[in-house]
Amino acid sequence: MPVRTPHFPDLLFGSAARLRRWEGTLMDLFAAHGYRELHPSLVLREAVPDGALRFFDGDDLVALRWDFTMALAGLLTRTFSEPPDRVAYAGAVFRRPVQPWEAVERFEVGCERIQPHGESSAEADTELARLLMAIPGVLGLKSAILHLGNAALVRRPLEAEGLSGDLADAVVAALSRRAPHRVAQAMEGHPAAARMATHAEALLSELDGPGTLEALGASPYADLLKEERSHMDRALKGLLPILPPNLELRVDLADVAGLGFYTGPTLRLWAPGAQQELAAGGRYDRLFPDLGRPWQAAGFCVRLSRLLDLADTRPDLFEQPR
Amino acid sequence: MNAASTLLIAFPKGRLGDELVPLLAGTPLALDATALKSRVLRIPTATPGVAALLLKGADLPRYVAAGVASLGIVGSDTLDEMDMDLLELADLGFGACRLSLCALAGVTLEALRAKPHLRLATKFPKATEAWLTREGLTAELVPLSSSAELAPLLGLADAIVDLVQTGGTLKAHGLVETAVLGRSSARLVAARGAYLSEPGRLRPLAEMLVEAFRIKV
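Line order of the protein sequences matches chains P and S. Heads up: the first sequence begins at 898 in the numbering used here, then just goes up one per residue. Heads up: the second sequence begins at 58 in the numbering used here, then just goes up one per residue.
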């Protein structure tokens, strides 16, 4: 995918029509599965983060909606005493780009599954994975790859070793780079250095189908992560028989993107040759408790801006519309 | 095999490239000798469908991060200076050198520490700043892109922070290492998207490169 710098993208006829069509198709898909739309305000007044587009409204510093999950969390905790179980959203978010070729205005469609704390989450995780598996087909992608991960595979060993702050950040950054040698370098001199280095090697040794889970056996934290392994195994067994023909399922044990946010299973959708993931999500059970609500949640977001870019630059990856 | 489906690997020019090219000889990624002698910067390899780009080290990470080249080899010193979103699959073990604070012979680290206004010339500002922070020092950084060894000789700076491999260039300019700030070696890097969306295409090539260097280095 060629590099472009559409910081504030104007969509011309073809892209505008595609955006409208995809938004409608995806929201229909969510509605058919019981997800009801919520539309949080485009202007947010609370907790304005650094990466947001900020401005003054009179004396108040406000920001354009920078993340749907956070905007929805504010709306849900303000409005509901009991959580709606399924919500969907569509629209634009505005964030300062991390990479120079990213746009500031990004179009997204997504869904969230919210439950009272303590309810089993396995069924909800599988429901979301099944929903995400349907998306390449409804968008006309000829083939796609779904990565299943689990943030707890890194989070729990870090917690068990009492690693936090800069050192934990360095380990996570090294795993994000898929650089086991950097994990060893970051941990040099620490009592857990050998264990974390071996764990990193195990997480990074495979990026393939269900057999990838076997790699966890080589980790010193294999016992600690038994439950996560069994959860992933059950999810795979549930998903593989219903895998659409043009979708490949891979296990990515070293998925640490958003580790500060995700607490459990993660999902990422790729198309072969795409430079960026097209959809991403996972379980984030700490979000609502941090906002004072005993709820747990998981969800995913389809990054329509990246899909529009891909449709422009790699039309060969899409079925021609009839 | 059309141009669009050709897989590009970015190789560095300069010091690291000089070490790399002989190491590639006899591997499936050996560079075409005729093309190498010409001025072209896109060189066929011994594997059909895989071509090499010859790039300056400082530019190379950008080509890989943007996905133009799927794989690349670059010094960890360059990676550490640039905040690029790419994967760093292996430490290839060659091109090893030190990032050192160097001053004129006779000037000690203590003497540099005692300077009220220390001036350091470097093309590694990020690593230098990190070292200064660790040491509790402040300094004026003089950004240079090459020939940093001249700076202390001509009074542009009190010392330099630069890569040292054999120490020959330092010696030729009457400089000595007064502190080692870090170590660098060649790293195999990959475009995040290409690697995660097509591991079946990139992993075998990456593993082959790692194996080739493991045997030769």
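The beta-carbon is built from N, C-alpha and C at its ideal position, and this holds for glycine as well.
Contact list for residue i against chain S, beta-carbon separation under 7 Å
i	result
Pro1191 (chain P)	Going along chain S, no residue has its Cβ under 7 Å from Pro1191 (chain P), so there is no contact; the nearest lies around 35 Å.
Arg1079 (chain P)	Glu145
Ile839 (chain P)	Since the first residue of chain P shown is 898 and the last is 1219, residue 839 (chain P) is not available in this structure.
Residues bridged to residue i [DSSP beta-bridge criterion]
i	result
Glu44 (chain S)	Coverage of chain S is limited to positions 58 through 274, which leaves residue 44 (chain S) absent and any answer about it impossible.
Thr179 (chain S)	S:Pro200 and S:Val218
Asp148 (chain S)	S:Arg244
Phe1185 (chain P)	Looking at the DSSP assignment, Phe1185 (chain P) forms no beta bridge with any residue, so it has no partner.
Trp1167 (chain P)	P:Ile1042
Gln1193 (chain P)	P:Gln1012
Pro101 (chain S)	S:Ala108
Val990 (chain P)	P:Arg1003
Pro1162 (chain P)	P:Asn1047
Arg983 (chain P)	P:Arg1010
Ala67 (chain S)	S:Leu110 and S:Gly129
Gly1059 (chain P)	Partner(s): none; Gly1059 (chain P) has no beta bridge.
Status (buried if at least 16 other CB within 10 Å, exposed otherwise) for residue i
i	result
Ile100 (chain S)	buried
Leu1137 (chain P)	exposed
Ser1018 (chain P)	buried
Val995 (chain P)	exposed
Met58 (chain S)	Confidence at Met58 (chain S) is low in this model, with a pLDDT of 42, below 50, so its placement is unreliable and no value can be given for it.
Pro899 (chain P)	Only weak support is given to the placement of Pro899 (chain P): the predicted model assigns it a pLDDT of 45, under 50, and the question is left unresolved by the model.
Thr195 (chain S)	exposed
Pro1054 (chain P)	buried
Asp140 (chain S)	exposed
Ser204 (chain S)	exposed
Arg901 (chain P)	In this prediction, Arg901 (chain P) scores a pLDDT of 49, lower than 50, which makes its location untrustworthy; no coordinate-derived value is stated.
Ile272 (chain S)	exposed
Thr223 (chain S)	exposed
Ser133 (chain S)	buried
Ile1139 (chain P)	exposed
His904 (chain P)	exposed
Ala60 (chain S)	In this predicted model, Ala60 (chain S) has a pLDDT of only 47, less than 50, meaning its place in the structure is not dependable; the value taken from the coordinates is given anyway. So Ala60 (chain S) ends up on the exposed side.
Pro200 (chain S)	exposed
Ser62 (chain S)	exposed
Asn1047 (chain P)	buried
Ala269 (chain S)	buried
Ala90 (chain S)	exposed
Pro69 (chain S)	buried
Thr1163 (chain P)	buried
His1078 (chain P)	buried
Lys113 (chain S)	exposed
Lys1134 (chain P)	exposed
Asp925 (chain P)	exposed
Phe952 (chain P)	exposed
Chain P contact residues for residue i, given Cβ-Cβ distances below 9 Å
i	result
Ala248 (chain S)	Gln1172
Contact list for residue i against chain P, beta-carbon separation under 8 Å
i	result
Glu255 (chain S)	Pro1169 and Gly1170
Asp142 (chain S)	Val995 and Gln996
Proximal residues of chain S, C-beta to C-beta of residue i below 8 Å
i	result
Leu1050 (chain P)	Within chain S, no residue comes near Leu1050 (chain P); the closest Cβ sits about 16 Å away, beyond 8 Å.
Trp998 (chain P)	Ala123
Leu973 (chain P)	Result: empty, since nearest Cβ-Cβ is about 32 Å, beyond 8 Å.
Pro1104 (chain P)	Here residue 1104 (chain P) turns out to be Leu, not Pro, going by the sequence shown. The answer, in chain order, is Leu253, Pro256 and Arg260.
Arg1074 (chain P)	Leu143, Leu144 and Glu145
Interface residues of chain C facing residue i [CB-CB closer than 7 Å]
i	result
Asp89 (chain S)	You won't find chain C in this structure, because its protein chains are P and S.
Limits of the alpha helix (DSSP H) - the one that residue i falls within
i	result
Gln1082 (chain P)	Pro1077 to Met1084
Val921 (chain P)	Reading off the sequence, residue 921 (chain P) comes out as Gly, not Val. Phe910 to Ala929 is the span of the alpha helix (DSSP H), which, as asked, contains Gly921 (chain P).
Thr275 (chain S)	An answer regarding residue 275 (chain S) cannot be provided, because it is not within the stretch 58 to 274 covered by chain S.
Arg1203 (chain P)	Leu1201 to Thr1210
Phe965 (chain P)	Phe965 to Thr976
Leu961 (chain P)	Element bounds for Leu961 (chain P): not the alpha helix (DSSP H) but the beta strand (DSSP E), Asp957 to Leu961.
Ala122 (chain S)	Leu117 to Ala122
Arg96 (chain S)	Premise fails: Arg96 (chain S) is in no alpha helix (DSSP H) and is neither H nor E.
Gly1178 (chain P)	First-last for Gly1178 (chain P): Ala1176 to Arg1180, but that is the beta strand (DSSP E), not the alpha helix (DSSP H).
Glu1020 (chain P)	Ala1019 to Leu1036
Proximal chain P residues relative to residue i, where beta-carbon distance stays under 7 Å
i	result
Asp148 (chain S)	His1078
First through last residue of the beta strand (DSSP E) which encompasses residue i
i	result
Glu862 (chain P)	In the structure as shown, chain P begins at 898 and stops at 1219. Residue 862 (chain P) is therefore absent and cannot be evaluated.
Ile1139 (chain P)	No beta strand (DSSP E) contains Ile1139 (chain P), which DSSP labels as neither H nor E.
Val1148 (chain P)	Leu1144 to Val1148
Asp954 (chain P)	Arg951 to Asp954
Segment contact flag, the segment 1036-1056 of chain P with the segment 929-941 of chain P, C-beta cutoff 8 Å, min 3 pairs: no
Please confirm if the segment 211-227 of chain S is in contact with the segment 107-124 of chain S, defined as three or more CB-CB distances below 8 Å between the two stretches. no
If we count Cβ pairs, one from each stretch, closer than 8 Å, do we get three or more for the segment 1060-1069 of chain P versus the segment 1176-1188 of chain P? no
Would you call the segment 1199-1206 of chain P and the segment 1168-1177 of chain P touching, i.e. three or more CB-CB distances under 8 Å? yes
Below 8 Å, how does it come out for the segment 1118-1125 of chain P and the segment 172-180 of chain S: are there three or more Cβ pairs, yes or no? no
At least three beta-carbon pairs within less than 8 Å, the segment 79-86 of chain S to the segment 100-119 of chain S: yes
Is the segment 143-154 of chain S in contact with the segment 234-245 of chain S, if contact means three or more CB pairs nearer than 8 Å? yes
Any 3 or more C-beta pairs closer than 8 Å across the segment 953-960 of chain P and the segment 996-1016 of chain P: no
Counting Cβ pairs, one atom from each stretch, are 3 or more of them under 8 Å apart for the segment 175-192 of chain S and the segment 248-260 of chain S? no
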